[in-house]
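Undergrad: My questions will all concern the structure given below.
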Amino acid sequence: KPKQQVISRFFAPK
Amino acid sequence: MLELRLVQGSLLKKVLDAMRELVNDANFDCSATGFSLQAMDSSHVALVALLLRSEGFEHYRCDRNLSMGMNLNNMSKMLRCAGNDDIITIKADDGTDSVTFMFESPNQDKIADFEMKLMDIDSEHLGIPDAEYQAIVRMPSSEFARICKDLSSIGDTVVISVTKEGVKFSTAGDIGTANIVCRQNKTVDKPEEATIIEMQEPVSLTFALRYLNSFTKATPLSDTVTISLSSELPVVVEYKIAEMGYIRYYLAPKIEE
């Protein structure tokens, strides 16, 4: 089953 | 001191309806640029970014940058008390812990003010880098909403694939499978009915339909939606808000383990 990734994996805090 | 007067008050109601399924509490940021918000859903899988540019307001006064923490359901409860033709003014004084929404009927015979308590919300702003997308699809927002709704009755996830043939939305569930292909179609009566596909290279990504369905709550804000896809990047689902700005949703893809 495909695993859901989270947004923080792509966008870093400013 | 902050004072933002929006003649088309119903727009603010629609903006709230477009976000409150996804986000409970958020900081609204006010600056010379405009009224904006960036917030993640509670599971940190999706992110919503809103911008209402200052030029879109009839009157826009923001003496210094201000961040106002609001519960979106409470805000929506207050805005629902405004008539659809009402002018809405958002007011706040520096250092106060409340915001006032003023509703004026079009002929000025009814004026109401609703004061809402603000809240402290810890939230970090994420940097969203500019990216080149492998494929950008523009289609009628109602068509996209229909596809997401239809497919979610069959499966939980959708594979969105863009090829030369068009954009394909596929799902699978216990009862069977479904595929919907939309081909590029520029020969329509009205430009907002067109489906336009700009593809640099083919791309295929998997997403949770639950989130995409939440994004389609923004459908009343725009006749068209733009879906930007790149492998290894969250999809961007953008609804332009005429003369004001946009609401953009970012959704992290699912990957095979």
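For the record, the sequence lines run as chains A and B. Residue numbers for the first sequence follow our numbering, so the first one is 10 and each next one is one higher. Residue numbers for the second sequence follow our numbering, so the first one is 38 and each next one is one higher. Ideal Cβ positions, reconstructed from N, Cα and C, are used throughout, including at glycine.
1. Taking 7 Å as the threshold (beta carbon to beta carbon), is K291 (chain B) in contact with chain A?
2. Answer with buried or exposed for C99 (chain B), where buried requires no fewer than 16 other C-beta atoms within 10 angstroms of its C-beta.
3. List the residues of chain A whose Cβ lies closer than 7 Å to the Cβ of V82 (chain B), in chain order.
4. If you measure from the beta carbon of I284 (chain B) to each beta carbon in chain A, is any gap under 7 Å?
5. Out of B:K205, B:G192, B:F138 and B:L41, point me to the one whose CA is closest to R90 (chain B)'s CA.
6. Could you work out which residues of chain A lie near Y287 (chain B), taking near to mean beta carbons separated by less than 7 Å?
7. Tell me where the alpha helix (DSSP H) around C219 (chain B) begins and ends.
8. Using a Cβ-Cβ cutoff of less than 7 Å, which residues in the same chain neighbour D260 (chain B) once the five nearest sequence positions on both sides are dropped?
9. Is the CB of L43 (chain B) under 7 Å away from at least one CB in chain A?
10. Along the alpha helix (DSSP H) that carries E180 (chain B), what are the first and last residues, could you check?
11. Using a Cβ-Cβ cutoff of less than 6 Å, which residues in the same chain neighbour A149 (chain B) once the five nearest sequence positions on both sides are dropped?
12. Using a Cβ-Cβ cutoff of less than 6 Å, which residues in the same chain neighbour Q237 (chain B) once the five nearest sequence positions on both sides are dropped?
13. Decide yes or no for the touch test of the region 241-255 of chain B against the region 156-172 of chain B: beta carbon pairs closer than 8 Å, at least 3 of them.
14. The alpha helix (DSSP H) with N110 (chain B) in it runs from where to where?
15. Roughly how many whole angstroms lie between the Cα atoms of S47 (chain B) and V262 (chain B)?
16. What does the alpha-carbon distance come out to for the pair I264 (chain B) and V274 (chain B)?
17. Just to make sure I have the definition right: I need the residues of chain A whose C-beta is within less than 7 Å of the C-beta of P271 (chain B). Which are they?
18. Output yes or no for whether 7 Å exceeds the beta carbon distance between P11 (chain A) and I197 (chain B).
19. Could you tell me the distance, in whole angstroms, from the CA atom of L109 (chain B) to the CA atom of V272 (chain B)?
20. Under the three-state reduction of DSSP, which class applies to N64 (chain B): helix, strand or coil?
21. Do G93 (chain B) and E280 (chain B) count as a contact pair if the criterion is CB distance below 7 Å?
TA: The structure says:
1. yes
2. buried
3. Q13, V15 and I16
4. no
5. B:L41
6. I16
7. Here C219 (chain B) belongs to no alpha helix (DSSP H); instead the beta strand (DSSP E) covers G213 to C219.
8. P177, S178 and E229
9. no
10. S178 to S189
11. F140
12. Q171
13. no
14. L109 to L116
15. 20 Å
16. 5 Å
17. I16 and F19
18. no
19. 24 Å
20. strand
21. yes
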